[in-house]
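2 protein chains.
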Amino acid sequence: MSDRATSFSVSLPDWVAGEIRDVPAHLPTAQERMALVHRLADRNHREGSGGPFAALVAERDTGRVLAVGVNVVLLSGLSSVHAEVVALSLAQQVAGNWDLGAAGRPATELVVNWRPCTMCLGATLWSGVGHLVIAGEGPECEQLTGFDEGPVREDWRDQFAARGLTIESDVLRDGAIRTFGEYGSGSPLVYNARQGNR
Amino acid sequence: MSDRATSFSVSLPDWVAGEIRDVPAHLPTAQERMALVHRLADRNHREGSGGPFAALVAERDTGRVLAVGVNVVLLSGLSSVHAEVVALSLAQQVAGNWDLGAAGRPATELVVNWRPCTMCLGATLWSGVGHLVIAGEGPECEQLTGFDEGPVREDWRDQFAARGLTIESDVLRDGAIRTFGEYGSGSPLVYNARQGNR
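Here the protein sequences come in this chain order: A and B. Residues in the first sequence are numbered consecutively from 1, following the numbering used here. Residues in the second sequence are numbered consecutively from 1001, following the numbering used here.
Written as structure tokens, this is what we have:
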């Protein structure tokens, strides 16, 4: 068994660099951060990189953006590289630390255009970010896009709180709904491997 | 915002190649597959690559191993690269497909040395594997290692079944307990970013 694959790489799509070139390095408000996430999510599915999802990691106090991420499942051929995993991984690489909440570091937050799926809720818990900002939650995402968000516990907010994470919801909610609606009105490829059977 | 990180890479530790060199390309039984997982998990924490966790993806009928993975959180500095994510990603790279259950492909299974954490249960669902083989489940892993496995739904088996995945448990359970016990008897670094607060 000597010929196994030993590494994999994940890259942002080339178009992201152009999309963020004129964005300030600091985005002081949650609304500004989410507006960028919406722009990236909307373009991501049109470019065919992956689903209509984007995320970023920012320092809470300064608004400095450590990393942006988009869903690159289609681009990479890897099912786990949802936008949250990409943004968190890139931020950890920038920080040089698997713990974005390590002592002595500025507090960080993950900003994403809907409540993360069950995998990404776990990825958020393990990442060290102390705060999650979402555009919304509820059935609209699954209904409009066809994606399966997976088996999330009803008490997920309590589970976050028990681990010291805070949550802010309904930040530019309409923008998320608009992106999901436009995605779903096409002929979307739902790449949940189980094809969204629920 | 032009200087953001745009890619990250994940590699197996160098010692894995030596560990698997003499292993047959096909491992016909679940016990043989789990025995390899236990060997990798046990060595992984001793080498300092990450926690005492390993996984592999195999074709169910032939036992051909598509990829092995170990937890490389410490080696990579990335919190999401648990053994399951590494094995699934490498297998998808080998397959050239984000869906390990795509039509026309041999059925595949994920073999791992305990019930996956909440993140990795999601990663399993989205990967396309049709079968999950675990050494066991229950509180022993958290109790012996100090790791937080996260908020898993009580009905996770039903959730898997609803999406067409089957589960086989208690395969070489004692081996997992032994590895966790030896890990915990040292001075383990629990790298859950929230330090296992539950």
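Backbone N, C-alpha and C define an ideal beta-carbon position, used for all residues, glycine too.
Three-state secondary structure assigned by DSSP to residue i
i: G138(A); result: coil
i: N1197(B); result: Only weak support exists for where N1197(B) lies, its pLDDT of 38 falling under 50; the value from the coordinates is given anyway. Looking at N1197(B) - three-state DSSP - the assignment turns out to be coil, as it is neither helix nor strand.
i: H1021(B); result: Inspection of the sequence shows that residue 1021(B) is occupied by Arg rather than by His. In the structure shown, R1021(B) sits in coil (DSSP, three-state: anything other than H, G, I, E or B).
i: E32(A); result: helix
i: W15(A); result: helix
i: L78(A); result: coil
i: E1084(B); result: helix
i: A1041(B); result: helix
i: R1046(B); result: helix
i: T1145(B); result: helix
Nearest residue (CA-CA) to residue i, options the options
i: G181(A); options: L40(A), P151(A), L144(A) and N71(A); result: L144(A)
i: A1025(B); options: G1146(B), V1057(B) and W1015(B); result: V1057(B)
i: T6(A); options: T1006(B), I1020(B), M1001(B) and R1004(B); result: I1020(B)
i: L90(A); options: V65(A), R105(A) and V73(A); result: V65(A)
i: L1165(B); options: L1121(B), H1082(B) and G1146(B); result: L1121(B)
i: V1085(B); options: M1(A), M119(A) and S49(A); result: M119(A)
i: V1068(B); options: L1012(B), G1104(B) and W1126(B); result: L1012(B)
i: D1262(B); options: E1059(B), R1033(B) and V1072(B); result: With chain B covering only 1001 through 1198, there is no way to say anything about residue 1262(B).
i: L132(A); options: P151(A), G146(A) and R157(A); result: R157(A)
i: R1173(B); options: L1027(B), G1150(B) and H1038(B); result: H1038(B)
i: G184(A); options: V171(A), F160(A), A162(A) and G146(A); result: G146(A)
i: I1167(B); options: D1022(B), R1060(B), F1008(B) and V1094(B); result: R1060(B)
i: V1070(B); options: T1108(B), E1047(B), H1082(B) and M1034(B); result: H1082(B)
i: E1140(B); options: N1113(B), G1077(B) and G1128(B); result: N1113(B)
i: H104(A); options: M34(A), R4(A) and G128(A); result: The sequence shown places Gly at residue 104(A), not His. Measuring from the Cα of G104(A), the nearest candidate turns out to be G128(A).
i: S1169(B); options: Q1031(B), M1001(B) and L1074(B); result: Q1031(B)
i: A1035(B); options: V1111(B), G1150(B), D1148(B) and F1008(B); result: V1111(B)
i: D22(A); options: P1116(B), R1004(B) and V1023(B); result: R1004(B)
i: G1077(B); options: S49(A), A95(A) and R153(A); result: A95(A)
i: A162(A); options: M1(A), L88(A), G130(A) and P151(A); result: G130(A)
Under 9 angstroms by beta carbon: chain E residues contacting residue i
i: S1185(B); result: The chain inventory of the structure shown lacks chain E, comprising the protein chains A and B.
Delimiting residues of the alpha helix (DSSP H) encompassing residue i
i: S7(A); result: That residue, S7(A), is in no alpha helix (DSSP H); its beta strand (DSSP E) goes S7 to S11.
i: S124(A); result: The sequence given here has Thr at residue 124(A), not Ser. Segment T118 to S127, the alpha helix (DSSP H) holding T124(A).
i: G175(A); result: R173 to G184
i: D1158(B); result: W1156 to A1162
beta-carbon residue i near the ligand FMN non-hydrogen atom, thresh 6 angstroms
i: G1181(B); result: This structure lacks the ligand FMN, and indeed carries no ligand of any kind.
N-terminal and C-terminal residue of the beta strand (DSSP E) that residue i is part of
i: A102(A); result: Unbroken run through A102(A): none, as it is neither H nor E.
i: G1069(B); result: V1065 to V1070
Opposing strand residues paired with residue i [DSSP bridges]
i: L110(A); result: V57(A) and L132(A)
i: T166(A); result: H131(A)
Short-range partners of chain B found in the stretch 86 to 106 of chain A, where Cβ spacing is below 9 angstroms: V86, L88, S89, L90, A91, Q92, Q93, V94, A95, G96, N97, W98, D99, L100, G101 and A102
Within 9 angstroms of chain B by C-beta, residues of the stretch 151 to 178 of chain A in sequence order: P151, V152, R153, E154, D155, W156, D158, Q159, F160, A162, R163, G164 and L165
Interface residues of the stretch 50 to 65 of chain A facing chain B [CB-CB below 9 angstroms]: V65
Against chain B: residues of the stretch 125 to 145 of chain A by CB proximity under 7 angstroms: L125, W126, S127 and G128
Chain-ordered residues of the stretch 1024 to 1045 of chain B with a beta carbon less than 8 angstroms from chain A: P1024 and A1025
Proximal residues, the stretch 10 to 21 of chain A versus chain B, C-beta separation under 8 angstroms: V10, S11, L12, V16, A17, I20 and R21
Interface residues of the stretch 65 to 80 of chain A facing chain B [CB-CB below 9 angstroms]: V65, L66, A67, V68, V73, L74, S76, G77, L78, S79 and S80
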